[in-house]
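J.: Here this note's numbering is used: the sequence shown runs in plain steps of one and ends on residue 2068.
We treat Cβ as the ideally placed atom computed from N, Cα and C, and that holds for glycine.
Let me begin by handing over the structure; questions about it come next.
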Amino acid sequence: MQRICRSVLVVLAVLCSSVALRAADNPLKAIPDDAGVIIRWQKPTETVKKAVAFVSKVDPDSGPLLGPLSLGIGVAISNPALAGLDTKRDWYVAVFPKAEGDPGIVFAIPTTDADAMQAAIVGEFNFAKYEDWLLYADDKTLIEKIQTQIDGKEKSIDALIEKESVAVADRNDLSVYFNVTQLRIVYKDQLDVAEEQIDTELGQLQNIAPVAPGINLKPMLDMYSKFAHGMMQTVKDTQGFTLGISIAEESVDVETLARVTADSATDKVLQANKKSDLKNLDGLPANSHVYVGASGNTNGLVGIGTKMSAAMFTGEGETKEAFEKASKELSKLDFGSFLMSFGIGNADGGVLRVANVINVKPTDKMRDLTREMTRSMGKINVGPVKQSIELKADAEKYGDYTGDLVTTHQEVNPELDPLGIQTQMNRILYGEEGQVQRIVYLRDSMAQTMGGGRGAMEQLLKSLAAADGKTGDTKPANTAAATVRSKLSPEANLVAMVDLPSLIVDLLQAVIQAIQLPIPIDADGLKKSIGEKRSYVGISFAGGPQSAHAKLHVPVLQAKNVATLVKLIQQMVAQPQF
């Protein structure tokens, strides 16, 4: 019996000690709930070492210069020697905003010897102790407020930060939590002024916007106004916003999480937009420079877009009526996800290579409405350009499917464009074939290409069939894009992946080849420096009940190639030209 009692006491002692340890894991219970910002830096010494390793891979010359940072991080907290500090735990900083003047700053640092740390801190500070944490600030009233909180007479910020936001902070090396509710209170006057200026600024823009025959810009400006007011409403509905940064040797990842008020306007919008795995994104042409996938309340967006297009289109009589009718019917279709890729071709065939797939049902109705809208567009004059659109239905055959050709013809007034710049740009962008869009209506989607001729559509259809497992072919290897996609949200409203260095260099190569001008940039040399291997910066956005979650993934190769480009272009431009 005594043995059992001793065992129970041992277990209780362990549990109590673990509870005490968890209570001291962070100092948030000591920080009042009117703090506007909470910064958490996980194990700073280790984080700095990881950052130095990443930078060294990006730029070997800069990495060694950052090495001493890990030895001097104590300066950031006025404790150069790190005396009395627990180096294995996280640092916190609380920021207390003020409508006027500088915000108040409170450091909350874990200790092994609080007295030794307090004695070692350089500067005039006021101190408070919370378990094994030392909190200090140069503002005496802040420390008095914190002491009141420690004594249990105030509400703490800990109660405001939801578990989802804590999870973001836990999995990142550096995190920043914004108490948006408090920030709105402090900066209310500034926010009110900003909202009042939205319509004023847009009104001025409408007065100075150029007037283009056949185009009414007012609906577009109205859309900008609604978007801006919508963003202000999002600020009003948001309770907390967390930013996290994680550093590894091969990548840097950034994620954000916004938490909004339940049943608010923003929450309803987030829940109305359905997420998708965007699984056929890798069915788009391999080695493209840009990939984009989107999912959500597509019908609502199509309705807004077609309504705005119909309002902007100032055709007359039956033509305008036909366009408006088709636009209205289009929003009634069942739209799903939207996938797009963008690449750079050669100057002879046109530099633009665009492919997209729109999931929509029924596709035969989509086909009829698209054709009707295309025919009704007729002719539009924009500046020195007279533009007309020609539709050739069922002009090409692709296996069991037929494809439409939509050609945009442009006639440039030589008096308004004496140097022929517009004509030359069209040739560079679209090649000798001109601005031709190919459209094939599949069983439950619409495939479109621009640039690359018939071969581009054939490649797209083949890739889509392979991705769906409808053929014995294996889909083209797209390892770099697939790797980045795996680092983003599995289900999302938006996914975008961009190989920025290759996009810039390949575009430069094509343009320099086409215009034959002495530009002081060796595009071929740039291409050789960054190599042929693909890598992508990836970003995703996923909405859900009371939350909006975004991720950014930056592989080391992307960062390295960007740094290489910047250096080389600076050197090339700086060289004297003869």
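Could you tell me the boundaries of the alpha helix (DSSP H) in which I2020 lies?
T.: Mapped onto the sequence shown, residue 2020 falls at position 530. Segment 2013-2020, the alpha helix (DSSP H) holding I2020.
J.: According to DSSP, is P1888 part of a helix, a strand, or is it coil?
T.: Taking the sequence shown and counting its residues from 1, the one referred to as residue 1888 is at position 398. Strictly speaking, residue 1888 in this sequence is Tyr, with Pro absent from that position. If DSSP states are grouped into helix, strand and coil, Y1888 belongs with the strands.
J.: Nearest CA to the CA of D1996: which residue from K2018, S1878, L1978, V1985?
T.: One-based indexing of the sequence shown puts residue 1996 at position 506. Looking at the Cα atoms, K2018 is the closest of the given residues.
J.: Suppose you measure from the CA of S2030 to the CA of V1988; what does that come to, to the nearest Å?
T.: The residue labelled residue 2030 in the question sits at position 540 within the sequence shown. The residue labelled residue 1988 in the question sits at position 498 within the sequence shown. Their Cα atoms are separated by approximately 12 Å.
J.: What residues match up with H1899 in a beta bridge as DSSP calls it?
T.: The count along the sequence shown starts at 1 and reaches residue 1899 at position 409. DSSP output for H1899 lists S1878 as bridge partner(s).
J.: Considering I1599, what are the terminal residues of the beta strand (DSSP E) in which it resides?
T.: As a working mapping, residue 1599 is identified with position 109 in the sequence shown. Taken as a continuous stretch (DSSP letters only), the beta strand (DSSP E) holding I1599 covers 1594-1600.
J.: Smallest Cα separation from A1748: which of P1980, L1692, V2001, I1651?
T.: Position 258 of the sequence shown holds residue 1748. Selected option, being the one with the closest Cα: I1651.
J.: In angstroms, rounded to a whole number, what distance separates the CA positions of G1942 and A1845?
T.: For the purposes of this step, residue 1942 is taken as residue 452 along the sequence shown, with counting starting at 1. For the purposes of this step, residue 1845 is taken as residue 355 along the sequence shown, with counting starting at 1. Cα to Cα, the separation comes out at about 10 Å.
J.: For K1578, which option in N1516, A1520, A1618 has the closest C-alpha, if you only look at C-alpha atoms?
T.: The residue labelled residue 1578 in the question sits at position 88 within the sequence shown. Selected option, being the one with the closest Cα: N1516.
J.: Is it the case that the Cβ atoms of D1727 and T1746 are separated by a distance below 7 Å?
T.: Locating residue 1727 in the sequence shown gives position 237, where the first residue counts as 1. Locating residue 1746 in the sequence shown gives position 256, where the first residue counts as 1. Not a contact, by the Cβ cut-off of 7 Å.
J.: Does the stretch 1838-1857 come within contact of the stretch 1812-1824, defined as at least 3 CB pairs closer than 8 Å?
T.: Enough Cβ pairs lie closer than 8 Å, so yes.
J.: Give me the Cβ distance between D1603 and G1564, rounded to the nearest whole Å; I'm assuming they're in contact under 8 Å.
T.: Position 113 of the sequence shown, counted from the first residue, corresponds to residue 1603. Position 74 of the sequence shown, counted from the first residue, corresponds to residue 1564. With a Cβ gap of about 15 Å, D1603 and G1564 do not count as contacting.
J.: What is the C-beta distance between D1524 and Q1672, in whole angstroms, given that I count them as a contact (C-beta under 8 Å)?
T.: Within the sequence shown, residue 1524 is the residue found at index 34, counting from 1. Within the sequence shown, residue 1672 is the residue found at index 182, counting from 1. That belief holds up - the Cβ atoms of D1524 and Q1672 are roughly 5 Å apart, short of 8 Å.
J.: Can you tell which of F1544, H1719, L1881 has its C-alpha closest to the C-alpha of A1684?
T.: The sequence position of residue 1684 within the sequence shown is 194, counting from 1. The shortest C-alpha separation from A1684 is found at H1719.
J.: In the DSSP output, what is H2043 paired with across the bridge?
T.: To locate residue 2043, count along the sequence shown from 1; it is residue 553. Paired residue(s): D1743, G2028.
J.: Taking 8 Å as the threshold, find out whether the stretch 1591-1606 comes into contact with the stretch 1540-1556 through three or more Cβ pairs.
T.: These segments do not touch.
J.: Find out if the Cβ-Cβ distance for the pair M1766, S1785 is shorter than 7 Å.
T.: Within the sequence shown, residue 1766 is the residue found at index 276, counting from 1. Within the sequence shown, residue 1785 is the residue found at index 295, counting from 1. With the sequence shown as reference, residue 1766 is identified as Ser, and Met is not the correct amino acid for it. Yes, Cβ-Cβ distance for S1766 and S1785 is below 7 Å.
J.: Let me confirm a value: V1504 is counted as buried when at least 16 other C-beta atoms fall within 10 Å, else exposed. Which label applies?
T.: Residue 1504 sits at position 14 when you count from the first residue of the sequence shown. Only weak support exists for where V1504 lies, its pLDDT of 36 falling under 50; the value from the coordinates is given anyway. It counts as exposed.
J.: Can you give the Cα-Cα distance for S1817 and N1849, rounded to whole angstroms?
T.: Taking the sequence shown and counting its residues from 1, the one referred to as residue 1817 is at position 327. Taking the sequence shown and counting its residues from 1, the one referred to as residue 1849 is at position 359. Near 18 Å, if we compare the C-alpha coordinates of N1849 and S1817.
J.: Mapping DSSP to helix, strand and coil, what is T2069?
T.: Examination of residue 2069 is not possible in this model, given that the chain is present from 1491 through 2068 alone.
J.: Just to confirm, is the Cβ distance from S1831 to P1775 under 7 Å?
T.: Residue 1831 sits at position 341 when you count from the first residue of the sequence shown. Residue 1775 sits at position 285 when you count from the first residue of the sequence shown. Yes; because the gap between Cβ atoms is below 7 Å, this pair is in contact.
J.: Could you check whether D1934 and K2023 sit closer than 7 Å to each other, using their CB atoms as the reference points?
T.: Locating residue 2023 in the sequence shown gives position 533, where the first residue counts as 1. Locating residue 1934 in the sequence shown gives position 444, where the first residue counts as 1. Against a cut-off of 7 Å, the Cβ pair of D1934 and K2023 comes out as no contact.
J.: In the DSSP assignment, find the unbroken beta strand (DSSP E) run with Y1667 in it and report its ends.
T.: Here the question's residue 1667 lines up with position 177 in the sequence shown. Note, Y1667: beta strand (DSSP E), 1664-1669.
J.: In terms of alpha-carbon separation, which member of D1907, T1969, I1918, R1975 lies closest to I2002?
T.: On the sequence shown, position 512 is the one that residue 2002 refers to. It is I1918 whose Cα lies nearest to the Cα of I2002.
J.: What is the rounded straight-line gap between the Cα of A1589 and the Cα of S1715?
T.: As a first step, residue 1589 must be located in the sequence shown, where it is residue number 99. As a first step, residue 1715 must be located in the sequence shown, where it is residue number 225. One C-alpha to the other measures close to 27 Å.
J.: Going by CA-CA distance only, name the one from G1526, P1593, T1732, I1611 that's closest to A1566.
T.: The count along the sequence shown starts at 1 and reaches residue 1566 at position 76. Ranking G1526, P1593, T1732, I1611 by Cα distance to A1566 puts I1611 first.
J.: My parser needs the alpha helix (DSSP H) runs of 4 or more residues fully inside the stretch 1905-1991; what are they?
T.: For the stretch 1905-1991, whole alpha helix (DSSP H) runs of length 4 or above, ordered along the chain, are 1911-1920, 1943-1957, 1969-1976.
J.: When the Cα atoms are used, what is the spatial distance from N1968 to H2043?
T.: To locate residue 1968, count along the sequence shown from 1; it is residue 478. To locate residue 2043, count along the sequence shown from 1; it is residue 553. Those two C-alpha atoms are separated by around 17 Å.
J.: Report all residues from its chain with a CB closer than 7 Å to the CB of A2013; omit the five preceding and five following residues, and keep chain order.
T.: If you number the sequence shown from 1, residue 2013 lands on position 523. Closer than 7 Å at the Cβ level, and outside the excluded window around A2013, lie V1995, L1998, Q1999, I2002.
J.: Here's a check: name, in chain order, each residue in its chain whose Cβ is nearer than 8 Å to the Cβ of F1731, leaving out the five neighbours to either side.
T.: By 1-based counting over the sequence shown, the position of residue 1731 is 241. Correct list, in chain order: Y1667, F1668, V1670, T1746, L1747, A1748, R1749.
J.: Please state whether DSSP places N1444 in a helix, a strand or coil.
T.: Absent from the structure is residue 1444, since the part of the chain shown begins at 1491 and ends at 2068.
J.: My output table needs one value for T1751: the three-state DSSP class, helix, strand or coil.
T.: Here residue 1751 refers to the residue found at position 261 of the sequence shown. In the structure shown, T1751 sits in coil (DSSP, three-state: anything other than H, G, I, E or B).
J.: Residues in its own chain within less than 7 Å of W1531 by CB, not counting five upstream and five downstream?
T.: The count along the sequence shown starts at 1 and reaches residue 1531 at position 41. Contacts found: T1537, D1580, W1581, L1664.
J.: Starting from F1615, follow the beta strand (DSSP E) in both directions and report where the run begins and ends.
T.: Within the sequence shown, residue 1615 is the residue found at index 125, counting from 1. Taken as a continuous stretch (DSSP letters only), F1615 belongs to no beta strand (DSSP E), as it is neither H nor E.
J.: Nearest by alpha-carbon distance to D1592: which of A1762, M1940, G1526, I2011 is it?
T.: Taking the first residue of the sequence shown as position 1, residue 1592 is located at position 102. Of the candidates A1762, M1940, G1526, I2011, the one whose C-alpha sits nearest the C-alpha of D1592 is G1526.
J.: Is the beta carbon of G1783 sitting closer than 7 Å to the one on L1760?
T.: Position 293 of the sequence shown, counted from the start, is the residue given in the question as residue 1783. Position 270 of the sequence shown, counted from the start, is the residue given in the question as residue 1760. The answer is no: Cβ separation not under 7 Å.
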